[in-house]
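There are 2 protein chains.
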Amino acid sequence: MPDLSDVAAVAGVSKATASRALNGNGLVAPETAVRVIAAAARLGYVPNRAARELARGRTGIIAIVVPTLDNTFFTPIIAGAQARAEQAGLQLTVAVHALDSAGAFERLARQVDGFLVVAPRGSDTFVVSTGAAKPAVLVDREIDGMTSVVADTATAFGTLTARLAAEGHERIVYVGGPEGSWQDRQRTAAVQDAARRAGAELTVLGPCPATFAAGVGVTAGVLETGATAVVPYATSIGLGLLLALGTRGVEVPRDLVVSTEPTVIEALGLEHTPAIDVDGEELGRTAMDHLVRLLDGRDEPGRQVRLPVPVRG
Amino acid sequence: MPDLSDVAAVAGVSKATASRALNGNGLVAPETAVRVIAAAARLGYVPNRAARELARGRTGIIAIVVPTLDNTFFTPIIAGAQARAEQAGLQLTVAVHALDSAGAFERLARQVDGFLVVAPRGSDTFVVSTGAAKPAVLVDREIDGMTSVVADTATAFGTLTARLAAEGHERIVYVGGPEGSWQDRQRTAAVQDAARRAGAELTVLGPCPATFAAGVGVTAGVLETGATAVVPYATSIGLGLLLALGTRGVEVPRDLVVSTEPTVIEALGLEHTPAIDVDGEELGRTAMDHLVRLLDGRDEPGRQVRLPVPVRG
DNA sequence: TTCGTTGATGGAACCGGTTCCATTGGACCC
DNA sequence: GGGTCCAATGGAACCGGTTCCATCAACGAA
């Protein structure tokens with residue numbers, strides 16, 4: 000395996016010059032740079048990451064912290080972040096919920112250059128502390144002072160509710176998310192506001208974990224309200240609802256409209272069911288973009304980005 | 000930030016001794032080791048990964064290659080592997096499907112010490128080539144010469160089929176998995192064999208991608224067979240089936256038994272529905288264990304491990 | 001008593017880059 | 001023509017560990 004000395008020798012320059020030429024600092028004469036680059040290409044030179052890290056004091060690794068991998072909301076975020084990290088020459092490492100133990104987090108902080116924090120529910124103070132150790136971007140949640148990228152589902156849920164009301168639904172149920180969820184607070188407020196304006200009667204159920212089983216469990220409560228449309232916090236809850244409704248002989252969407260994500264609705268061939276369409280990969284990509292900007296010093300911490308979320312159907 | 004010299008100074012030993020003490024080589028006097036470790040703890044010393052990598056010529060990073068994160072079968076594997084990696088002092092990086100481009104794979108191979116390869120469908124020759132560059136463990140698939148860890152779902156599917164037949168189901172449908180799936184070949188053979196022995200009539204449908212939508216799509220075909228029990232390749236297919244059956248007024252399990260995973264069955268309150276219970280995390284943990292053994296030279300490549308899969312319900 | 005052996009330790013080289021600082025040579029200005 | 005300045009480059013230190021090799025003391029054997 001050729002190293003920088005080999006490249007330098009072939010190009011007839013010193014290691015220092017070779018390094019500069021390959022990093023494109025612009026401090027070398029153009030023809031020298033060409034010579035070095037050609038030599039590197041000919042030898043198949045690949046820089047040693049560890050050596051570069053050691054010299055530069057940067058690891059080239061980003062950690063994405065997620066509460067669990069079992070929720071299909073998080074995985075596209077990871078995929079998107081991973082794709083962007085690769086483009087930026089960074090490695091992404093997935094830390095599942097390592098935040099509960101401060102020690103584990105401290106250790107991790109020393110191994111990476113920055114964090115993507117997906118913490119829908121933790122306390123603000125703790126989440127903030129994660130950003131103190133290394134540059135961090137908060138995903139799908141906002142806290143003052145931290146850079147964040149969120150899918151603006153609150154607005155989308157409001158729009159959705161308004162549309163359901165406009166289609167004639169006078170009684171609507173919102174099945175809330177997990178206890179303490181930041182997004183749930185936003186969505187609840189938006190849904191209530193939209194229902195009030197449209198003159199629809201809204202029942203808020205929950206809190207309810209974002210799981211399939213919880214969706215099954217909440218079904219009886221939903222039916223009791225006599226509502227004709229239900230808006231669940233998460234797709235998993237919606238799936239549980241749909242399944243349980245099937246076993247109870249409730250016909251969807253005739254008897255009850257369940258607004259889950261468009262792909263589910265499409266697969267089931269349900270018609271005229273409006274639903275919000277969150278692009279998780281885009282969320283991950285954007286978050287990584289902003290983290291890179293932070294690392295490069297091109298951005299100051301605190302920037303808050305909201306991605307619009309379309310309502311389909 | 001304290002470094003090894005600081006620890007050595009506090010403990011009153013040289014850097015060399017400090018390094019040995021902290022790595023537990025057993026080459027230092029016990030009381031010296033205790034002193035060094037105490038000093039490290041007091042200073043909050045964390046070794047610099049890059050420096051260690053550079054000196055050792057190892058990166059301390061393992062890549063797990065998965066085709067997608069959207070399939071809930073893979074995510075527990077990742078979680079399990081991650082947990083074990085952490086215990087072993089390794090970092091895990093998730094590479095989504097980076098295998099299609101050989102260039103990307105080559106680049107990745109230089110950044111990591113080894114691979115966990117989850118490739119349910121790729122061609123054998125390509126999968127083998129991944130193991131050539133760096134030590135690798137194949138997950139949930141077997142190829143001669145490569146170390147592998149698989150959940151023995153084939154046997155479990157056979158047992159399941161036999162049990163269904165024993166419970167009086169004379170017509171059973173197996174909904175096969177994606178085209179080219181290694182596990183699907185094993186399961187199909189096992190299911191066919193079990194049905195033949197039990198004298199049950201078996202229809203094999205598919206191939207069918209492991210998605211929710213595919214489960215919905217295959218429902219009509221399942222009903223056409225007049226079967227009273229259906230065994231889907233994947234949970235996602237089973238969920239799609241259950242949903243579609245609900246909208247068609249087919250009562251589960253009275254009219255048709257759908258054998259999905261136990262957690263789903265339990266959540267829905269279905270009784271007497273046998274199902275296989277794959278422990279994905281265990282699969283991930285075991286695979287990582289064996290990779291570590293390969294890296295340490297404690298194992299030769301080629302070992303094939305099969306984890307038993309229980310049938311519940 | 002003396003020599004060889006063994007176990008614990010320290011010194012120093014080394015991993016492969018980056019970057020500070022010094023050097024050199026040519027262009028430009030007075 | 002001599003001095004100044006700047007661009008290009010090389011030498012060497014450095015990042016923070018690991019590990020080879022030498023050293024030294026203690027101990028058992030002859």
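Protein chains in written order, with numbering that gives the first Met the number 0: chain G, 0 to 312; chain F, 0 to 312. Here a beta-carbon is modelled for each residue, glycine too, at the ideal position from N, C-alpha and C.
Query                                                                                                                                                                                                       : Result
If I follow the unbroken beta strand (DSSP E) through residue 180 of chain F, where does it start and stop?                                                                                                 : Per DSSP, residue 180 of chain F belongs to no beta strand (DSSP E) and is neither H nor E.
Work out the CA separation of residue 241 of chain F and residue 111 of chain F for me, nearest whole Å.                                                                                                    : 42 Å
Identify, in the order they occur along the chain, each residue of the same chain with its Cβ nearer than 8 Å to the Cβ of residue 260 of chain F, setting aside the five sequence neighbours on each side. : 234, 237, 274, 275, 276, 277
When you compare each of F:33, F:45, F:28, F:29 to residue 4 of chain F by their alpha carbons, which one comes out closest?                                                                                : F:45
In the DSSP assignment, find the unbroken beta strand (DSSP E) run with residue 231 of chain F in it and report its ends.                                                                                   : 228 to 231
Quick check on residue 289 of chain G: buried or exposed, where buried means 16 or more other Cβ atoms within 10 Å of its Cβ?                                                                               : buried
Give a yes or no on whether the minimum CB-CB distance between residue 92 of chain F and chain G is below 7 Å.                                                                                              : yes
Determine the DSSP secondary structure at residue 240 of chain G, reduced to helix, strand or coil.                                                                                                         : helix
Would you mind reading off the limits of the beta strand (DSSP E) that contains residue 253 of chain G?                                                                                                     : No beta strand (DSSP E) holds residue 253 of chain G; DSSP gives it neither H nor E.
Quick one: give me the first and last residue of the beta strand (DSSP E) that residue 113 of chain F is part of.                                                                                           : 113 to 116
What in chain F is Cβ-close to residue 270 of chain G, meaning under 8 Å?                                                                                                                                   : Those within 8 Å of residue 270 of chain G in chain F number zero; the least Cβ separation is about 12 Å.
From this set, G:25, G:270, G:193, which residue's C-alpha is nearest residue 169 of chain G's C-alpha?                                                                                                     : G:193
Counting C-beta neighbours from all protein chains within 10 Å, is the total for residue 33 of chain F 16 or more, i.e. buried, or is it exposed?                                                           : exposed
In whole angstroms, what separates the C-alpha of residue 132 of chain F from that of residue 114 of chain F?                                                                                               : 9 Å
Determine the closest residue to residue 207 of chain F out of F:78, F:308, F:231, with distance taken between C-alpha atoms.                                                                               : F:231
Determine whether the Cβ of residue 77 of chain F lies closer than 7 Å to any Cβ atom of chain G.                                                                                                           : yes
Residues of chain F with a CB under 8 Å from the CB of residue 81 of chain G: which are they?                                                                                                               : 93, 94, 95
Alpha carbon to alpha carbon, how far is residue 287 of chain F from residue 85 of chain F?                                                                                                                 : 10 Å
Contact check, residue 243 of chain G vs residue 203 of chain G under 8 Å by CB: the rounded distance?                                                                                                      : Incorrect: roughly 19 Å between the Cβ atoms, too far for contact.
Could you check if residue 0 of chain F is buried or exposed, using at least 16 other CB atoms within 10 Å of its CB as the buried criterion?                                                               : exposed
Look at the Cβ atom of residue 83 of chain F, then the Cβ atom of residue 284 of chain F, and state whether they are nearer than 7 Å.                                                                       : yes
Return the first residue and the last residue of the beta strand (DSSP E) that residue 171 of chain F is part of.                                                                                           : 170 to 174
Would you say residue 52 of chain F faces chain G, with C-beta separation under 7 Å as the test?                                                                                                            : yes
Are any of the Cβ atoms in chain F nearer than 7 Å to that of residue 245 of chain G?                                                                                                                       : yes
Could you give the residue range of the alpha helix (DSSP H) that holds residue 122 of chain G?                                                                                                             : Unbroken run through residue 122 of chain G: none, as it is neither H nor E.
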